[in-house]
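**Q** Mind looking over this structure? Questions follow.
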Amino acid sequence: MQPSLIAANIQCPILSQAKLETREFLVERSRIRRMERGEGIFLHQTPARSCFVVMNGWVKLYRILDSGDEAVLRMHTRGEAFAFADVLRRGDHQYGADAASECLLLEIPADALRQVLNDDPAFGAILLSHSFEQIDALSDQIEALKCQSGIQRVAAFLRYHARPKGNHLFVTLPYEKVLMAAYLGIKPESLSRALAKLRQHGVVAVDGGLEITDQGALDELIASRAVERRMAAR
Numbered sequence: 367m368q369p370s371l372i373a374a375n376i377q378c379p380i381l382s383q384a385k386l387e388t389r390e391f392l393v394e395r396s397r398i399r400r401m402e403r404g405e406g407i408f409l410h411q412t413p414a415r416s417c418f419v420v421m422n423g424w425v426k427l428y429r430i431l432d433s434g435d436e437a438v439l440r441m442h443t444r445g446e447a448f449a450f451a452d453v454l455r456r457g458d459h460q461y462g463a464d465a466a467s468e469c470l471l472l473e474i475p476a477d478a479l480r481q482v483l484n485d486d487p488a489f490g491a492i493l494l495s496h497s498f499e500q501i502d503a504l505s506d507q508i509e510a511l512k513c514q515s516g517i518q519r520v521a522a523f524l525r526y527h528a529r530p531k532g533n534h535l536f537v538t539l540p541y542e543k544v545l546m547a548a549y550l551g552i553k554p555e556s557l558s559r560a561l562a563k564l565r566q567h568g569v570v571a572v573d574g575g576l577e578i579t580d581q582g583a584l585d586e587l588i589a590s591r592a593v594e595r596r597m598a599a600r
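Residue numbers (our numbering): 367 to 600.
If you want it as structure tokens, here you go:
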């Protein structure tokens, strides 16, 4: 198995939990797609024929509103999966997906996924758990938009997407700030100010992204104001 495919198996929360035979079956029937920044992966309301694991880079999920504006629903990076639920429903994609940066994707055909569910019922429980986690993440996102300040939303985004690197956590941000700001529901200038303020909470700009040197301080920032706002709303 190619090193990149081995990495996808380890990093993906779905594949990493599956038994070896299931992982090998899926990977053997999958293909690697290299995407350029801005390139479309699939469109909203088109047939869901594949699901995906992000091996490197960033992907945005979005919908186009009646007004013509774009609503950014989710951002996915290395190790994260998307479109599995659409495939399981045997319907159309509930959103569109574009490469937010140069990225590498593992594309798993719908037929291969459904065959695995027939041969390995335990894998169905893994997918169900993943679907619940996606719902929880969306609930957290709604709560953040309603209850958290701009700096908290930025902090929570960084914390969610951070990956271990040496003694600290690291977040690669290869796409423009306008997109990140749109996803977080703030203005680009507010995002810049928030990132500057986060230096006081252990977030340091380094080559290629941001390093979280004080995870505890960042977690405390995320939790504190959310509690205050929930209490004030009672």
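For every residue, glycine included, the Cβ atom is placed at its ideal position computed from N, Cα and C.
Quick test of your reading: residue 473 and residue 418, contact by CB under 8 Å. State the CB separation rounded to the nearest angstrom.
**A** That belief holds up - the Cβ atoms of residue 473 and residue 418 are roughly 6 Å apart, short of 8 Å.
**Q** Should residue 519 and residue 550 be called a contact, given that it needs their Cβ atoms to be closer than 8 Å?
**A** It is a contact, given that the beta carbons lie within the stated cut-off.
**Q** Cα separation between residue 392 and residue 479?
**A** Between residue 392 and residue 479, the C-alpha separation is close to 7 Å.
**Q** Would you please state the rounded distance, in angstroms, between the beta carbons of residue 568 and residue 583? I believe it to be under 8 Å.
**A** Contact holds; Cβ gap of about 5 Å.
**Q** Could you pull the DSSP bridge partners for residue 575 from this structure?
**A** According to DSSP, residue 575 bridges with 538 and 572.
**Q** Starting from the C-beta of residue 577, find all residues in its chain whose C-beta is less than 6 Å away, skip the five residues before and the five after it, and write them out in chain order.
**A** Only 534, 536 and 570 meet the Cβ criterion.
**Q** Counting pairs of beta carbons, one from the segment 508-525 and one from the segment 551-560, are three or more of them closer than 8 Å?
**A** The answer is yes - the segment 551-560 touches the segment 508-525, with three or more Cβ pairs under 8 Å.
**Q** Less than 8 Å between the beta carbons of residue 548 and residue 438, yes or no?
**A** In this structure, residue 438 lies closer than 8 Å to residue 548 by Cβ.
**Q** Indicate the three-state DSSP secondary structure (helix, strand or coil) for residue 531 in the structure shown.
**A** Correct three-state label for residue 531: strand.
**Q** Assuming residue 496 is part of the alpha helix (DSSP H), what are its boundary residues?
**A** It spans 487-513 - the alpha helix (DSSP H) in which residue 496 sits, taken as one unbroken run.
**Q** Who does residue 523 pair with in a DSSP beta bridge?
**A** Answer is none; residue 523 lacks a bridge partner.
**Q** Put residue 436 into one of helix, strand or coil per three-state DSSP.
**A** Strand, per DSSP.
**Q** From residue 494 to residue 405, what does the alpha carbon distance come to, in whole angstroms?
**A** Each residue's Cα considered, the two are about 30 Å apart.
**Q** Since residue 425 sits in a beta bridge, which residues does DSSP pair it with?
**A** Residue 425 pairs with 442 and 465.
**Q** What span of residues does the beta strand (DSSP E) with residue 400 cover, start to end?
**A** Taken as a continuous stretch (DSSP letters only), the beta strand (DSSP E) holding residue 400 covers 397-401.
**Q** With a Cβ-Cβ cutoff of 8 Å, do residue 380 and residue 501 count as a contact?
**A** No, Cβ-Cβ distance for residue 380 and residue 501 is not below 8 Å.
**Q** Counting C-beta neighbours from all protein chains within 10 Å, is the total for residue 543 16 or more, i.e. buried, or is it exposed?
**A** It counts as exposed.
**Q** Would you kindly work out how many angstroms separate the C-alpha atoms of residue 458 and residue 581, rounded to a whole number?
**A** Their backbone Cα atoms lie some 39 Å apart in a straight line.
**Q** Nearest CA to the CA of residue 506: which residue from 446, 556, 440 and 484?
**A** Selected option, being the one with the closest Cα: 440.
**Q** Check the C-beta distance from residue 496 over to residue 443 and give it rounded, since I have them as a contact under 8 Å.
**A** Between residue 443 and residue 496 the Cβ distance is about 16 Å, and since that is not below 8 Å, they are no contact.
**Q** Just mark residue 409 as buried or exposed, buried being the case when its beta carbon has 16 or more other beta carbons within 10 Å.
**A** By the 10 Å Cβ count, residue 409 comes out exposed.
**Q** Quick check on residue 386: buried or exposed, where buried means 16 or more other Cβ atoms within 10 Å of its Cβ?
**A** When all chains shown are included, residue 386 counts as exposed.
**Q** Judging by CA-CA distance, which residue of 484, 396 and 433 is the nearest neighbour of residue 420?
**A** Comparing Cα positions, the closest option is 396.
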